[in-house]
Amino acid sequence: MAQTPTAENSSGKSSGNRSSEPVIVCFGDSLTAGYGADPGHSYPDYLQRLLDARAYHYRVINKGISGDTSKDGVSRLNSVLAAHPQVVVVEFGGNDGLRGLPITATRANLDRIISTLQNAGIKVALAGITLPPQYGPDYVKQINDTYSLAADKFKVPLLPFLLIHVYNVPGGMQQDGIHATAKGNAIVAEDVFALIKSMLRK
């Protein structure tokens, strides 16, 4: 039985020999890492399967780490650059918001992540998050605006909310109300594919 292709994790392991294929890095926190879903069922795993099924020959590397803030993302930029990706999907800010970190710091960190990648000649796509209403309308709006501001500033495609099409799907979210299930991650992969499709070549 053929082995199902999966995205590499940050340790660099993958199924099959895909070393000659151009790289897409999914760079973020637990939403990218696939927290709470079984191994092989993160959104980058499903993105790899979508690309394979549609004859896009790319190797997806999952560089999501649960609990990471945007500051942690800045500290991990060298590991992303070392993978020599053609495309990076950036998803940070959820943990910043949940911890009530200053918006100015989150925006500065996202700017640094995007600008560093672009200066290295890498195509960047941005995926945003939002917060539950109990964080207050002003803070939630500032978090939401962070992504549109960055997308406009750096001229990158934006998915305003990574889980935008997951919340209303039965079985799409885990009980914590924060992380997608395997079913939800498959939907996220479709949205991310649509986000980056114009950057890809067959």
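If you want the working numbering, it's the 1-based position in the sequence shown plus 1.
Virtual Cβ for every residue (Gly too), placed ideally from N, Cα, C.
From a predicted model like this one, the values you see are computed outputs, not experimental measurements.
Helix, strand or coil: how does DSSP classify residue i here?
i    : result
N96  : helix
R60  : strand
L160 : strand
A106 : helix
S12  : Residue placement at S12 cannot be trusted, given a pLDDT of 39 that sits under 50; what the coordinates show is reported in the next sentence. Of the three classes helix, strand and coil, the one that applies to S12 here is coil, per DSSP.
G65  : strand
K203 : coil
A152 : helix
M2   : Bear in mind that a pLDDT of 35 at M2, under 50, signals an unreliable position, so the number given afterwards is only what the model happens to contain. Three-state result, M2: coil.
V90  : strand
L132 : coil
A195 : helix
V141 : helix
I188 : helix
A183 : helix
A38  : coil
S20  : coil
I123 : coil
N169 : coil
G29  : strand
L51  : helix
Quick check: residue i and residue j, are their CB atoms within less than 9 Å of each other?
i    : j    : result
S31  : S67  : yes
A195 : Y47  : no
D112 : K72  : no
I197 : V90  : yes
F155 : R77  : no
G74  : G35  : no
L127 : A151 : yes
L160 : V193 : yes
D153 : G37  : no
Report the option in the options whose CA atom is closest to the CA atom of residue i.
i    : options                : result
S20  : V189, H85, L111        : H85
G219 : I165, K124, R108, Y136 : An answer regarding residue 219 cannot be provided, because it is not within the stretch 2 to 203 covered by the chain.
N63  : Q87, D192, G173, I25   : I25
Y57  : K142, P23, G172        : P23
L82  : L118, A34, T147        : L118
G94  : N145, D192, G35        : N145
L99  : G41, D192, L132, Q87   : L132
N79  : A121, D177, Y168       : A121
P103 : D139, P134, H166       : D139
H166 : I188, V157, Q175       : I188
V157 : V170, V88, A8          : V88
Just confirm the distance between the C-beta atoms of residue i and residue j, as a whole number of angstroms; I'd bet it's less than 8 Å.
i    : j    : result
N186 : Y44  : 4 Å
A183 : D39  : 6 Å
F162 : I130 : 6 Å
A181 : G173 : 6 Å
T147 : R108 : 5 Å
K142 : M200 : Actually they do not touch by this definition, with Cβ atoms about 29 Å apart.
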